[in-house]
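Colleague: I have a structure I would like to understand better, so I am pasting it below and will then ask my questions one at a time.
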């Protein structure tokens, strides 16, 4: 029994050490965001400095990270909503109705899920140029309407949880098909929408390559693109301001995670076991 | 089921239209470009059709081979470290005798780096690993581990290891959660029966845990390969975006991006995209085959 206690003690120590190692980079980032450039050049410290305000002024005189924040939020929210709504509508049609080409569509999905996103990147760029939507958010947002993986996930969910009889009853009551979709199917899908929604949001929020290619105007930069621009800007001369810029892009997400972590983690568990 | 209804076409129309225009069409367009010397400017109608010339060039392009091997090396190192940590943790937390507490808390803490923007992480490490004023060298110096600063991002081996380890740090939490869920799903009866038969820890790990975990391991492996072959944000932002030091961080997608959008070689960039695609397909197929052949 004592041996077990000792083993447990060692393991907990090791786990706590691992957590500390995991958080050192973030801790250094936050501490250095409050220190002046000369303090950072002199050496490292575990104690915050008092240059936070000065760093903030330096940073915002070159670049408004909050604009990047707002842009990323706008894109990610639009993507998440379009992805959820149209994937649900498509999954609904695939599950409830019989129609020509149904199997062709379904097989195309499965194949397309394996195609890496970069394959069509150059084509997407050129298409956007032709359509005159280069340097706008449209090429980032519109493709969210057609997300094979989400449709696939919703389809599996509907097959196992939605009784068709509920729709028959609705039809007898004279409800239209689209009305039933809004009133019956969407509420049933809600847990699946939440699961996929979180990952869609995170995916869009972190996307760097596509906005890097599509967006040119600095005022439209999303947060990752702004991070890339930061390293080549005059801000890079002031390390304190650099750390602060990175911290502003990271800390709000960490706080959001604190509130959502339980939910996110149970989603991963569910997703992987089903997948 | 039936209720044959043309409204179904209406419901799938947005998906199909957007899918064809923004998904399928760009893929075909990219393939067409890969057969031309299109620069990306001046319109495709002024580009020359050159057949498979780009593909021949790809096969003899030593930068593409370099990018391929860099990508594989970074992914391989990353995967080994990530899986060792994740599997180790999953085994610890699922051990019926240890009965560790705080699974929820540790899962959340270990998962956290996953949701942080990779671009921010890359930028953070580009200054933490800086030779002169980086946090890591300063810390190691003041702790006395080293007596002169190490130029991490100037050495190919260190730089590749840095990308692999930063990746492992970001993603081990995700693998841990998935593996733990998988192990928790294995029936306790197996382990109890093994215990009665006098099996030791290693035997029950080898003959129960690993075989039962196979579908989950396959899932983790495939997603890791597909993601790993596409690594871009970290190598792009950790150094100068051209693959420094000495081309060690030149990965396949970085090479694609630079060729197409920095050097205006749309045609050749498109060829790299297809090269990457075929490599992904081949790797996924090999993984499937080996995982399932062993089972039979």
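Protein chains in written order, with the numbering used here: chain Y, 836 to 1110; chain R, 350 to 645.
For each residue, glycine too, the CB sits at the ideal point set by N, CA and C.
Indicate whether residue 484 (chain R) and residue 1062 (chain Y) have their beta-carbon atoms separated by less than 8 Å.
Modeller: Not in contact: residue 484 (chain R) and residue 1062 (chain Y) (Cβ atoms no closer than 8 Å).
Colleague: Could you check which residue in Y:906, Y:841, Y:958 and Y:839 has the C-alpha nearest to that of residue 381 (chain R)?
Modeller: When each option's Cα is compared against that of residue 381 (chain R), the closest is Y:958.
Colleague: Could you tell me the boundaries of the alpha helix (DSSP H) in which residue 1014 (chain Y) lies?
Modeller: Counting along the chain, the alpha helix (DSSP H) containing residue 1014 (chain Y) begins and ends at 1012-1015.
Colleague: Considering only DSSP beta bridges, list what residue 385 (chain R) is partnered with.
Modeller: Residue 385 (chain R) pairs with R:398.
Colleague: On the CB-based measure, 16 or more other CB atoms within 10 Å of its CB, does residue 1048 (chain Y) come out buried or exposed?
Modeller: With 16 or more other Cβ atoms within 10 Å, it is buried.
Colleague: Drop a sphere of 10 angstroms on the beta-carbon of residue 1016 (chain Y), count the other beta-carbons inside from all chains shown, and report buried for 16 or more, exposed for fewer.
Modeller: So residue 1016 (chain Y) ends up on the buried side.
Colleague: State the DSSP-derived secondary structure class of residue 588 (chain R), mapped to helix, strand or coil.
Modeller: Coil.
Colleague: Output the boundary residues of the alpha helix (DSSP H) element that contains residue 1062 (chain Y).
Modeller: Unbroken alpha helix (DSSP H) run through residue 1062 (chain Y): 1058-1066.
Colleague: With three or more C-beta pairs closer than 8 Å as the rule, is the stretch 871-882 of chain Y touching the stretch 428-444 of chain R?
Modeller: These segments do not touch.
Colleague: If you count every other CB in all the chains shown that lies within 10 Å of the CB of residue 487 (chain R), and 16 or more means buried, which is it?
Modeller: Under this definition residue 487 (chain R) is a buried residue.
Colleague: Ignoring anything shorter than 4 residues, give me the alpha helix (DSSP H) runs that lie fully in the stretch 494-563 of chain R, in order along the chain.
Modeller: The stretch 494-563 of chain R contains these whole alpha helix (DSSP H) runs: 505-533, 537-545 and 550-553.
Colleague: Have a look at residue 1110 (chain Y) and residue 1026 (chain Y) and give me their C-alpha separation to the nearest angstrom.
Modeller: Because the pLDDT of residue 1110 (chain Y) is 43, which lies under 50, any placement of that residue in the model is unreliable, and the question is left without a value.
Colleague: For the pair the stretch 893-903 of chain Y and the stretch 1002-1015 of chain Y, tell me if three or more CB-CB distances fall below 8 Å.
Modeller: Segments in contact, no.
Colleague: List the residues of chain Y whose Cβ lies closer than 9 Å to the Cβ of residue 499 (chain R), in chain order.
Modeller: None at all; the shortest Cβ gap to chain Y is about 15 Å.
Colleague: List, in order along the chain, the chain R residues whose C-beta lies closer than 8 Å to that of residue 854 (chain Y)?
Modeller: Within 8 Å Cβ-Cβ: 455, 458 and 459.
Colleague: Residue 1097 (chain Y) by DSSP, collapsed to three states: which one?
Modeller: Helix.
Colleague: Note the first and the last residue of the continuous alpha helix (DSSP H) segment covering residue 1051 (chain Y).
Modeller: Here residue 1051 (chain Y) belongs to no alpha helix (DSSP H), and DSSP marks it neither H nor E.
Colleague: Apply the 10 Å Cβ neighbour rule to residue 350 (chain R) and answer buried if 16 or more other Cβ atoms are within range, or exposed otherwise.
Modeller: Because the pLDDT of residue 350 (chain R) is 44, which lies under 50, any placement of that residue in the model is unreliable, and the number read from its coordinates should be weighed accordingly. Exposed, because fewer than 16 other Cβ atoms sit within 10 Å of the Cβ of residue 350 (chain R).
Colleague: What would DSSP say about residue 359 (chain R), mapped onto helix, strand or coil?
Modeller: Note: residue 359 (chain R) maps to helix in three-state DSSP.
Colleague: Run through chain R and tell me which residues come within less than 7 Å of residue 953 (chain Y), C-beta to C-beta.
Modeller: Result: 579, 602, 605, 622 and 625.
Colleague: Report the three-state DSSP secondary structure of residue 422 (chain R) (helix, strand or coil).
Modeller: Helix.
Colleague: Do residue 562 (chain R) and residue 531 (chain R) have their C-beta atoms closer together than 8 Å?
Modeller: Yes; because the gap between Cβ atoms is below 8 Å, this pair is in contact.
Colleague: Please confirm whether residue 427 (chain R) and residue 598 (chain R) have their CB atoms less than 8 Å apart.
Modeller: No; because the gap between Cβ atoms is not below 8 Å, this pair is not in contact.
Colleague: Rounding to the nearest angstrom, what Cα-Cα distance links residue 579 (chain R) and residue 408 (chain R) in this structure?
Modeller: Whole-angstrom Cα-Cα distance: 19 Å.
Colleague: Using a Cβ-Cβ cutoff of less than 7 Å, which residues in the same chain neighbour residue 400 (chain R) once the five nearest sequence positions on both sides are dropped?
Modeller: The residues are 384.
Colleague: Taking 7 Å as the limit between beta carbons, can you name the residues of its chain near residue 1001 (chain Y), skipping five residues before and five after?
Modeller: Taken in chain order, the residues that qualify are 1019.
Colleague: Give the interface partners of residue 559 (chain R) over in chain Y, defined as CB-CB distance under 8 Å, in chain order.
Modeller: Chain Y residues near residue 559 (chain R): none, gap ~17 Å exceeds 8 Å.
Colleague: Tell me whether the beta-carbon of residue 468 (chain R) lies closer than 8 Å to the beta-carbon of residue 1043 (chain Y).
Modeller: Yes, they are a contact pair.
Colleague: How should residue 850 (chain Y) be labelled, buried or exposed, when 16 other C-beta atoms within 10 angstroms of its C-beta is the threshold for buried?
Modeller: Residue 850 (chain Y) comes out buried.
Colleague: For residue 446 (chain R), go through chain Y and note every residue whose CB falls closer than 8 Å to its CB, in chain order.
Modeller: Per Cβ cutoff of 8 Å: 839.
Colleague: Taking DSSP as the reference, what is the three-state secondary structure of residue 595 (chain R)?
Modeller: DSSP places residue 595 (chain R) in coil when its eight states are reduced to three.
Colleague: With 8 Å as the threshold, decide whether the Cβ of residue 1110 (chain Y) is near any Cβ in chain R.
Modeller: Note that residue 1110 (chain Y) scores a pLDDT of 43, beneath 50, so its modelled location is shaky; the value from the coordinates is reported in the next line. Yes, contact with chain R.
Colleague: In angstroms with no decimal places, state the Cα-to-Cα distance between residue 519 (chain R) and residue 861 (chain Y).
Modeller: Cα to Cα, residue 519 (chain R) sits roughly 12 Å from residue 861 (chain Y).
Colleague: Can the beta-carbon of residue 865 (chain Y) be found less than 8 Å from the beta-carbon of residue 464 (chain R)?
Modeller: Their beta carbons are not under 8 Å apart, which means residue 865 (chain Y) does not touch residue 464 (chain R) by this criterion.
Colleague: Run down chain Y in chain order and give the residues with a C-beta less than 9 Å from the C-beta of residue 356 (chain R).
Modeller: In chain order: 928, 932, 1011, 1012 and 1013.
Colleague: Examine the Cβ distances between the stretch 910-922 of chain Y and the stretch 976-990 of chain Y and report whether three or more of them are shorter than 8 Å.
Modeller: With the cut-off at 8 Å, the stretch 910-922 of chain Y and the stretch 976-990 of chain Y touch.
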